[in-house]
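Colleague:
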Amino acid sequence: MTTQTKISPGRTYKGASNEARRAERRQKLIEAAVKVYGAVGYHGATVRAICAEAGLTERYFYESFEKGEALLAAAYLAVMERLSGEVMTAIAALPAPIEMGTLVRTALHTYYTLLRENPNEARVFLVEILGVSPAVDTIYWDTIRNVSLAILRFAPGAVTRLSDQGLDLDLFADGLIGAVVQIALGWVRSGYAQPVETVVETAMAILGAVSGRFLNC
Numbered sequence: 016m017t018t019q020t021k022i023s024p025g026r027t028y029k030g031a032s033n034e035a036r037r038a039e040r041r042q043k044l045i046e047a048a049v050k051v052y053g054a055v056g057y058h059g060a061t062v063r064a065i066c067a068e069a070g071l072t073e074r075y076f077y078e079s080f081e082k083g084e085a086l087l088a089a090a091y092l093a094v095m096e097r098l099s100g101e102v103m104t105a106i107a108a109l110p111a112p113i114e115m116g117t118l119v120r121t122a123l124h125t126y127y128t129l130l131r132e133n134p135n136e137a138r139v140f141l142v143e144i145l146g147v148s149p150a151v152d153t154i155y156w157d158t159i160r161n162v163s164l165a166i167l168r169f170a171p172g173a174v175t176r177l178s179d180q181g182l183d184l185d186l187f188a189d190g191l192i193g194a195v196v197q198i199a200l201g202w203v204r205s206g207y208a209q210p211v212e213t214v215v216e217t218a219m220a221i222l223g224a225v226s227g228r229f230l231n232c
């Protein structure tokens with residue numbers, strides 16, 4: 016005779032706890048949202064479509080998210096975590112000491128390649144996220160600023176030099192990442208008309224001038 020496992024908070028059922036199963040459903044919704052947003056945009060997406068893509072009933076949506084805006088923010092953060100993680104891994108693999116130009120080129124090539132290879136994620140990251148609400152805009156800007164600052168810290172001498180010249184590091188980071196993102200946005204909207212190498216060199220033409228003046232360390 017088979018003994019059935021009693022379901023209760025913190026207990027396991029079919030090999031997974033209730034918390035783990037909820038987390039799995041949440042992750043499925045996030046992954047489904049990225050696909051649906053990539054196909055029809057945030058404003059064209061519905062809870063029903065996202066749940067269908069995730070293979071879940073609609074009641075599970077509200078288990079994890081109060082409204083669509085919360086799912087968009089979660090999808091953006093998931094995309095950003097993947098993008099930034101790949102960029103940081105590529106930079107960390109460079110031999111020390113890291114020359115600033117090599118660091119920037121490596122970061123750009125990794126970033127733009129990932130956008131080209133993952134068009135749904137690119138749309139979430141670049142097109143769908145802005146203008147939804149002030150709260151979502153804040154998440155967007157805070158996140159990309161933090162990534163830019165993290166990249167700069169791979170070259171501590173550059174940070175010191177910026178500080179010595181009386182420049183605001185946060186605003187400087189905003190400017191750097193803003194140029195990179197605007198180039199990416201134009202590229203994505205063009206349907207990736209140019210090869211990755213051309214996009215990287217275009218960004219380097221801008222960032223290289225900045226690097227030569229402020230980040231030569």
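In the working numbering, the protein residues as written are 16 to 232.
Think of the CB as a built atom: it goes at the ideal place given N, C-alpha and C, for glycine as much as any other residue.
1) In whole angstroms, what separates the C-alpha of S259 from that of E39?
2) Taking 8 Å as the cut-off, does the region 53–63 touch the region 129–141 (at least 3 CB pairs, one atom from each stretch)?
3) Have a look at V162 and V215 and give me their C-alpha separation to the nearest angstrom.
4) Helix, strand or coil for S148, going by three-state DSSP, please let me know.
5) I need the boundaries of the alpha helix (DSSP H) containing S99, first residue and last residue.
6) Less than 8 Å between the C-beta atoms of V203 and V119, yes or no?
7) L141 by DSSP, collapsed to three states: which one?
8) Please determine, among K43, T104 and P134, the residue with the shortest C-alpha to C-alpha distance to A199.
9) May I ask which residues mark the beginning and end of the alpha helix (DSSP H) holding A189?
10) How long is the line joining the alpha carbons of I159 and A64, rounded to whole angstroms?
11) Between the region 178–186 and the region 149–159, do at least 3 Cβ pairs fall closer than 8 Å?
12) Which same chain residues, not among the five before or five after A89, have their C-beta less than 6 Å away from its C-beta?
13) Between L191 and R74, what straight-line distance do the alpha-carbon atoms span, to the nearest angstrom?
14) Alpha carbon to alpha carbon, what distance is there between E132 and K82?
Modeller: This is what the structure holds:
1) In the structure as shown, the chain starts at 16 and stops at 232, and residue 259 therefore has no counterpart that could be examined.
2) A contact between stretches requires three or more CB pairs, one per stretch, nearer than 8 Å, and the region 129–141 meets this requirement with the region 53–63.
3) Position 147 of the sequence shown, counted from the first residue, corresponds to residue 162. Position 200 of the sequence shown, counted from the first residue, corresponds to residue 215. So the two alpha carbons sit approximately 18 Å from each other.
4) What you label residue 148 is simply residue 133 of the sequence shown in a count that begins at 1. In the three-state reduction of the DSSP assignment, S148 falls in the coil class.
5) Taking the first residue of the sequence shown as position 1, residue 99 is located at position 84. Taken as a continuous stretch (DSSP letters only), the alpha helix (DSSP H) holding S99 covers G83 to A107.
6) Looking up residue 203 in the sequence shown gives position 188. Looking up residue 119 in the sequence shown gives position 104. No, they are not a contact pair.
7) The residue given as residue 141 occupies position 126 in the sequence shown. Residue state, collapsed to three classes: helix.
8) Taking the first residue of the sequence shown as 1, we reach residue 199 at position 184. Taking the Cα of A199 as reference, the smallest distance to any Cα among K43, T104 and P134 is reached at P134.
9) Here residue 189 corresponds to residue number 174 of the sequence shown, with the count starting at 1. This sequence places Asp at residue 189; Ala is not what is there. Run containing D189: L184 to R204, per the alpha helix (DSSP H) assignment.
10) Looking up residue 159 in the sequence shown gives position 144. Looking up residue 64 in the sequence shown gives position 49. Cα to Cα, the separation comes out at about 29 Å.
11) Using a Cβ-Cβ distance cut-off of 8 Å, the region 178–186 and the region 149–159 are not in contact, since fewer than three pairs of beta carbons, one from each stretch, lie closer than that value.
12) Your numbering for residue 89 matches position 74 in the sequence shown. Closer than 6 Å at the Cβ level, and outside the excluded window around A89, lie I45.
13) Here residue 191 is taken as the residue at index 176 of the sequence shown, counted from 1. Here residue 74 is taken as the residue at index 59 of the sequence shown, counted from 1. If you take the alpha carbons of L191 and R74, they lie about 42 Å apart.
14) The residue you call residue 82 lines up with position 67 of the sequence shown. The residue you call residue 132 lines up with position 117 of the sequence shown. Distance between the alpha carbons of K82 and E132 is about 29 Å.
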